[in-house]
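S.K.: Plus 9 on top of the position in the sequence shown (first one is 1) and you've got the numbering used here. Beta carbons: idealized from backbone N, C-alpha and C, even for Gly. What you are looking at is a predicted structure, and each value in this text was computed from that prediction instead of being measured.
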Amino acid sequence: MQKRTYCTERKSTTTIYFSSDKKYFHELAGNRRTVIISSRNILKSFPEIFQEENTIIIEDDESHKNLATVEEIVSKLLQLGIDRHSYIIGIGGGIVCDITGFVSHIFMRGIRFGLVPTTLLAMSDAAIGGKNGVNFGENKNMIGSFDNPDFIIADSSFVQTLTQEQYMSGLGEIIKYALIGNEKILNLLQDNQAKILNHDNEIISKLVEESILTKTEIVENDPLDTSIRHILNFGHSIGHSIELMENLPHGIAVVKGMNAAVDISLKIGILGNEKAKTIKQLLTSFGYDISYCLGEKHIELLCHDKKKEDSQIRFVLLEDIGKPVIKKMPVEQITALIG
Ligand SMILES: NC(=O)c1ccc[n+]([C@@H]2O[C@H](COP(=O)([O-])OP(=O)(O)OC[C@H]3O[C@@H](n4cnc5c(N)ncnc54)[C@H](O)[C@@H]3O)[C@@H](O)[C@H]2O)c1
C-alpha cells in the first residue's frame with residue numbers, strides 16, 4: 010500500500026504592536042487592497058481611524074455571532090471584488106475579532122488578516138492565540154478555526170470609551186491570568202485597585218502587556234489547544250453556561266465560573282480554605298458579584314461544552330493561587346458538588 014505523509018503543522022507568526030497610534034494598521038497593510046470589518050459603535054467612537062478603504066459594518070452582539078453574519082460578510086467581500094491578495098482588518102471587540110479571523114480563514118480558502126482589538130477583553134485575550142469562530146444555536150464558539158493574524162495592534166487607550174460592564178468583563182480575564190500563574194498581574198491588581206477601577210491608562214497598559222505575554226507564552230507551547238493551553242479555560246466551562254443562560258458579558262460570567270471552580274477545588278480538598286478565601290476576596294474587592302446558581306439548563310449546556318471528553322468534563326481547578334491543575338470530572342460529580 011502506498012503512503013504519503015505531509016506536515017500539517019500551522020507555522021505562522023503574529024507580530025503584536027503595543028502602539029498608541031490607532032491608525033498604524035494602514036501602514037502595516039501596505040499597498041494591498043484592504044477591507045475593514047468593524048461595528049457601528051467603533052465607527053461612531055473612533056471615526057478618525059477609518060480612511061478611504063472599504064468597510065463592512067456588522068452587528069457585534071452574541072446573537073449575530075453566527076453563520077448568517079459570516080455569509081453576509083462573504084457576500085460583501087465578493088461584491089467588493091476582494092481576492093486572496095487583499096487584506097482584511099478587524100477592528101472591534103472579541104466578537105468582531107472572532108468573526109474576522111473565521112471569515113479570513115475560510116474566504117477563498119484563506120486570506121491574510123490583522124486585528125485591532127478595541128475592548129479590554131479582546132486586547133488581553135480574544136485577539137491573541139488564533140482561535141476564531143461563531144456560535145451555533147446555543148453552543149458558544151462551536152464552529153471555528155485556528156488561524157493567527159499577521160499583526161495585532163494593542164492600544165490600551167481604546168478602553169476609555171467602554172461601558173463599566175465591558176471594562177469589568179475584560180478585567181475578569183486579566184484576573185484569570187493572575188490566578189493561573191502571572192504573579193506580576195497579581196501584584197498589580199493587589200497594589201493598584203483604585204487606579205484600576207478608575208481606568209488608569211498606565212496601569213491598564215501594564216496589565217494588557219502582561220496578559221499578552223502570558224497568553225502568547227502558553228499558546229506558543231500549545232498552538233492547537235491540546236495540552237497546556239487548557240489552563241486558559243479556568244472559569245470557562247461553567248462561565249460559558251452562565252454567559253449564555255444569564256446573558257452576561259463573557260468576562261463577568263468567567264468570574265462566576267472561576268468562583269465555582271474555586272468551590273470545586275475546595276470541596277475535593279486540593280485547595281486550602283485560606284487560599285480560597287483570598288481568591289474570593291480579590292474578586293469581590295473589585296466589585297464582582299461572584300454568586301452563581303446552576304440549574305438543569307446550565308448542566309445541559311455544560312454537557313455540550315467543547316471541553317467535554319466522553320462523559321467527563323475537563324475542568325481547570327486550582328491547587329494554589331498560580332497553580333492550576335486539569336482534572337476530568339463526570340458531570341454528575343460537578344452537580345453533586347456545586348449544583
Ligand atoms: N477567540 C478567543 O480566544 C476568545 C477569548 C475570549 C473571548 N472571546 C469572545 O469574545 C467575545 C466578547 O468580546 P468582548 O468582551 O471584547 O465584547 P464584544 O465584542 O461583545 O463587544 C461588546 C460591546 O462593546 C462595544 N465596543 C467595542 N469596543 C469599544 C470601545 N473601544 N468603546 C466603546 N464600545 C466598544 C462593541 O460595539 C459591543 O457593543 C465573546 O463572543 C467571546 O466568546 C474569544
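So, under 8 Å CB-CB, residue 271 and residue 285 are touching, yes? Tell me the CB distance rounded to an integer number of Å.
M.R.: 5 Å
S.K.: On a Cα-Cα basis, can you pick out the residue from 173, 127 and 80 that is closest to residue 143?
M.R.: Looking at 173, 127 and 80, the one whose alpha-carbon comes closest to that of residue 143 is 80.
S.K.: Going by CA-CA distance only, name the one from 236, 148 and 291 that's closest to residue 308.
M.R.: 148
S.K.: Tell me, which residues are paired with residue 95 by DSSP?
M.R.: Its beta-bridge partners do not exist; DSSP assigns none.
S.K.: In the segment 159–211, which residue ranges form an unbroken beta strand (DSSP E) of at least 3 residues, counting only runs that do not cross its ends?
M.R.: 160–162
S.K.: Please state whether DSSP places residue 153 in a helix, a strand or coil.
M.R.: strand
S.K.: Would you report the Cα separation of residue 138 and residue 276, rounded to the nearest angstrom?
M.R.: 32 Å
S.K.: Where do the ends of the alpha helix (DSSP H) carrying residue 107 lie?
M.R.: That run of the alpha helix (DSSP H) goes 103–115.
S.K.: Sorted by chain position, which residues of the same chain lie with C-beta nearer than 8 Å to residue 199's C-beta, five sequence neighbours on each side aside?
M.R.: 291
S.K.: For residue 199, is the beta carbon positioned less than 8 Å from some heavy atom of ligand 1?
M.R.: no
S.K.: Hey, how far is the Cα of residue 327 from the Cα of residue 205?
M.R.: Distance between the alpha carbons of residue 327 and residue 205 is about 25 Å.
S.K.: CB residue 186 to CB residue 133, shorter than 9 Å?
M.R.: Inclusion of residue 186 and residue 133 in the CB contact set at 9 Å is warranted, their separation being smaller than that value.
S.K.: Would you mind stating whether residue 29 and residue 166 have Cβ atoms separated by less than 9 Å?
M.R.: Yes.
S.K.: Can you name the start and end residues of the alpha helix (DSSP H) that residue 328 belongs to?
M.R.: Looking at the DSSP string, residue 328 is not in any alpha helix (DSSP H); the run it does join, the beta strand (DSSP E), is 321–329.
S.K.: May I have the straight-line CA-CA distance separating residue 219 from residue 115, to the nearest angstrom?
M.R.: Approximately 31 Å between the Cα atoms of the pair.
S.K.: Distance check for residue 58 and residue 234, CA to CA, integer angstroms please.
M.R.: 34 Å
S.K.: What first and last residue would you give for the beta strand (DSSP E) that runs through residue 25?
M.R.: 24–26
S.K.: Taking the beta strand (DSSP E) that residue 236 belongs to, which residues open and close that run?
M.R.: Where residue 236 is concerned, there is no enclosing beta strand (DSSP E), given that its DSSP letter is neither H nor E.
S.K.: In the structure shown, what three-state DSSP assignment does residue 230 receive?
M.R.: helix
S.K.: Going by DSSP in three states, residue 64 sits in which element: helix, strand or coil?
M.R.: Under the three-state reduction of DSSP, residue 64 is assigned to strand.
S.K.: Pull up the DSSP beta-bridge partners for residue 337, would you.
M.R.: 323
S.K.: Give, in chain order, every unbroken run of the alpha helix (DSSP H) that is at least 4 residues long and sits entirely within the segment 246–311.
M.R.: 259–276 and 282–294
S.K.: Checking the sheet assignment: what are the DSSP bridge partners for residue 145?
M.R.: 148
S.K.: Within the present structure, is the beta-carbon of residue 269 separated from the nearest heavy atom of ligand 2 by less than 8 Å?
M.R.: The model on display carries ligand 1 but not ligand 2.
S.K.: Quick check: what's the CA-CA separation for residue 262 versus residue 89?
M.R.: 38 Å
S.K.: Which same chain residues, not among the five before or five after residue 347, have their C-beta less than 7 Å away from its C-beta?
M.R.: Cβ neighbours of residue 347 beyond the five flanking positions: 269, 272, 273 and 303.
S.K.: Throw me the rounded Cβ distance for the residue 279 and residue 334 pair, which I believe falls under 8 Å.
M.R.: 7 Å
S.K.: From the DSSP output, read off the bridge partner residues of residue 343.
M.R.: For residue 343, no pairing in a beta bridge is given by DSSP.
S.K.: Based on DSSP bridge pairs, tell me the residues matched to residue 123.
M.R.: 98 and 160
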